Amino acid sequence: MNIIRVFILVTLVKLICAKDDHTINFIRDFIENERKPTHLILNDLCWPKHIKVKLTKKLSKDGCRVSSSTNTLHECQKHGIMFLLDLDCPQSEDAIEIASSRNLFGSPYRWLILSTNPEQLESSVLWESPVLPDSDLVLAEKSENGYKLTELHKTSKNMSMISSPRGYYNGTLVDVRTHREIFRRRRNLMGAPLTMSNVIQDSNKTMYHLPREDRLDLQNDVIAKTSWMNARLAFQMLNATARYIFSHRWGYKQNGQWSGMINDLHTGRADVGTNCLGTMTDRFEVILYTDTLARYRVAFILRQPPLSYVSNIFSLPFSTSVWIAIALCSCLSMFALYFTSKWEVRKGKTETQLDGTMGDAFLLTMSAISQQGCVIEPRRLSGRIIVWIFFAVLMALYAAYSANIVVLLQAPSNSIKNLAQLVSSKLTLAAYDVDYSQFIFKLYNDSLHMAVYKKIKPEKSNGLLYEMNEGVEKIRQGLFAFHSITEPVYRRIEQTFLEGEKCDLVEIDYLNAFDPFTPVKKDSPYLELMRVVFKQLAESGIRTAIHKRMFIPKPHCSTKMAAFSSVGMMDLKPVLLLMVYGAVLSLAILVLEMVHYRLYTTRKRERKTKKSKYIY
């Protein structure tokens, strides 16, 4: 009788051990099938200690770490965490509620939940938990031969739980997934609502035109309209219901609170936002960027200043070697005139004849260079031949010089190519009067960007901020740089500029940033889905097609037509300076002559006085 009892006891122990080994082998095969680095967390597991030790030893041999909590794990290790939960344990309901409150059902965490009691499973709080599209939760239900594996997820918090077959285990794990990537299996959101926050700053009419996609009033809020058209297509690809809200600000942190579109994402009012620049790093606290939906640039737009504004155009018609040759020829002619006039004086002299001094030769040479006449002239054939040849050569040079000057007066310069040259120029810097102009110029603390900020926002001033039409008109007038999103500026330029005025347009980048990207909430369950469909929009060419429909490129002049322009004071600056310097020099010479005359007369008087005293 005792032998029978011992036999029954040994048999029961073997059956229990076999059952435990079956579960442990299933967990090991499941983790191996994941093909990912895994750190298993025994989440409030009520199993006997020897089973936990046995499980830990088996998994350790396969390179899988096992812990009882996540408190000791670093942030970078979270991508490998898998929670193991047994619904038969009394603390399982509490563990699910804690996971829901701490958002542990979302990416990158994975879950394996064991269940042996169908009735307990139906009443579990698991069905009310936020197991959203980015979750990776597998329910393993005990069957006669092993385990039946089912994936659970919701398309949104208010939708019902969706179950899909994952596979089964009967000593061997069979995976029936069509794709291993979660985003491929969760692309169908089954009409779940997705909301986009659209930033409008130019006109409230956008609230009417944007949802209709009528491509009207494109001069206002074209970024928001383009982003919405792409986002709506992305929502259709995900079989989601597209919704929209509007905000009048991009979103900035002030007094610890977010505003505008970023606040809509942070508070959950919206799932995706309008394209925005990623230069503000503090936004990474609450959002992540996916891909660009509307490519745009923010830059200074200006017309290159006239050539006369940056250089002396009166020295540009001839090269340096030509100027040197002219100077040498003029000197040779002056000396030739000097020697011929000196020889002529010996033969006789008249009132209009050169007196044989260097002064008269210099005066006649300067009269020829300036294309002016002179009252004195040579009387002999040799001197007249020299003067005639000199005047003829200078007349030809003067014709070429005048033609080049006319061209140079209308020619733009190429002096401003970067931000440093823009700051050092005398151009007026201004910005578009919208909210982002109040923030982006404060992003940088280096001397170059601070110099730009001080020009746009001088001390004790509200700043040089203009409406779009006024700013573009000042660009057309010249010597003005306007900072804005480039597309609406170019659209206005196409409408108002003459063809020749488009030839010297230039962009100067201030932010030196990447392309703008579309933001989503940092812990959004739709993050990976958005990234994938936005990439597919770009790869298929849809995004480019919409961009070409909505945006216009930088204007280019088809022909450089000559236009009449009055000569201004800035063009004549070198001439006026020459006149001023000449007047100052002549006055200085006059003073010297007067001083010399006074000294001469004083000395002459003293000599006469001494001579008269000597006679007496």
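So the sequence shown is residues -18 to -1, 1 to 598, counted in mature numbering (1 follows the signal peptide of the UniProt record, and there is no 0). All C-beta atoms, glycine included, are put in the ideal place defined by N, C-alpha and C. Note that this is a predicted model, so its numbers are computed, not measured.
Exercise. Decide if residue 225 is buried, meaning its Cβ has at least 16 other Cβ atoms within 10 Å, or exposed.
Key: exposed
Quiz item: For residue 381, does the three-state DSSP call read helix, strand or coil?
Solution: helix
Exercise. Compare the beta carbon distance of residue 75 and residue 113 with 8 Å and say whether it is the shorter of the two.
Key: no
Self-check item: Integer Cβ distance of residue 410 from residue 446, believed to fall under 8 Å
Solution: 7 Å
Quiz item: Among 122, 185, 271 and 210, which residue has its Cα nearest to the Cα of residue 199?
Solution: 185
Quiz item: Of all the options 49, 117, 151 and 52, which has the alpha carbon lying nearest to the alpha carbon of residue 96?
Solution: 151
Quiz item: So residue 356 packs on residue 363, CB below 8 Å; how close in whole Å?
Solution: 18 Å between Cβ atoms; not a contact.
Self-check item: Contact set for residue 241: own chain, Cβ-Cβ below 7 Å, skip 5 residues either direction
Solution: 231, 233 and 234
Quiz prompt | N-terminal and C-terminal residue of the alpha helix (DSSP H) that residue 451 is part of | solution = 450 to 459
Self-check item: Proximity of residue 111 and residue 80 at Cβ, strictly below 8 Å
Solution: no
Practice problem: For my contact list, residue 360 and residue 323 are in at a C-beta cut-off of 8 Å; report their separation, rounded to the angstrom. | Solution: 6 Å
Exercise. Look at residue 283 and residue 449 and say whether their C-beta atoms are less than 8 Å apart.
Key: no
Quiz item: Between residue 493 and residue 280, is the Cβ-Cβ spacing less than 8 Å?
Solution: yes
Quiz prompt | Same chain only: Cβ atoms within 7 Å of residue 316, ignoring 5 sequence neighbours per side | solution = 343, 344 and 347
Quiz item: Curious, which full-length alpha helix (DSSP H) runs of at least 4 residues does the segment 258 to 298 contain?
Solution: 289 to 292
Exercise. Would you kindly report the start and end of the unbroken alpha helix (DSSP H) that includes residue 470?
Key: 468 to 478
Quiz item: Helix or strand or just coil, what does DSSP make of residue 322?
Solution: helix
Quiz item: Are there 16 or more other CB atoms within 10 angstroms of the CB of residue 46, so buried, or fewer, so exposed?
Solution: buried
Quiz item: Out of curiosity, what's the CA-to-CA distance linking residue 133 and residue 256?
Solution: 33 Å
Exercise. To the nearest angstrom, report how far apart residue 580 and residue 408 are at their CA atoms.
Key: 48 Å
Self-check item: Beta bridge counterpart(s) of residue 414 as assigned by DSSP
Solution: 448
Quiz item: Enumerated in chain order, which unbroken segments of the alpha helix (DSSP H) with a length of 4 residues or greater are wholly contained in the segment 151 to 216?
Solution: 164 to 167 and 188 to 194
Quiz item: Is residue 116 closer than 8 Å to residue 63 when the C-beta atoms are compared?
Solution: no
Quiz item: For residue 7, which option in 458, 23, 24 and 40 has the closest C-alpha, if you only look at C-alpha atoms?
Solution: 40
Quiz prompt | Integer-rounded CB distance, given that residue 270 should sit under 8 Å from residue 425 | solution = Their Cβ separation, rounded to whole angstroms, is 20 Å, which puts residue 425 and residue 270 out of contact at 8 Å.
Quiz item: How far does the beta strand (DSSP E) with residue 225 in it reach, from first residue to last?
Solution: 223 to 229
Practice problem: Express the C-alpha separation of residue 491 and residue 400 in angstroms, rounding to a whole number. | Solution: 8 Å
Practice problem: For my contact list, residue 216 and residue 182 are in at a C-beta cut-off of 8 Å; report their separation, rounded to the angstrom. | Solution: Wrong, their Cβ atoms sit about 20 Å apart, outside the cutoff.
Quiz item: How would you write the range of the beta strand (DSSP E) that residue 49 sits in, first residue to last?
Solution: 47 to 49
Quiz item: Ordered along the chain, which non-local residues of its own chain (more than five positions away) have a Cβ less than 6 Å from that of residue 513?
Solution: 272
Practice problem: Would you mind sorting residue 32 into buried or exposed? The rule is 16 or more other CB atoms within 10 Å of its CB. | Solution: exposed
Quiz item: Do residue 462 and residue 537 have their CB atoms nearer than 8 Å?
Solution: no
Practice problem: Return the Cβ separation of residue 171 and residue 213 in integer angstroms, given the expectation that the two are a contact with Cβ distance under 8 Å. | Solution: Contact flag wrong, Cβ pair sits at about 14 Å.
Exercise. Could you spell out the range, first to last residue, of the beta strand (DSSP E) harbouring residue 120?
Key: 118 to 124
Quiz item: If you count every other CB in all the chains shown that lies within 10 Å of the CB of residue 402, and 16 or more means buried, which is it?
Solution: exposed
Quiz prompt | Same chain, Cβ closer than 7 Å to residue 516, five either side skipped, listed in chain order | solution = 216, 272, 273, 275 and 500
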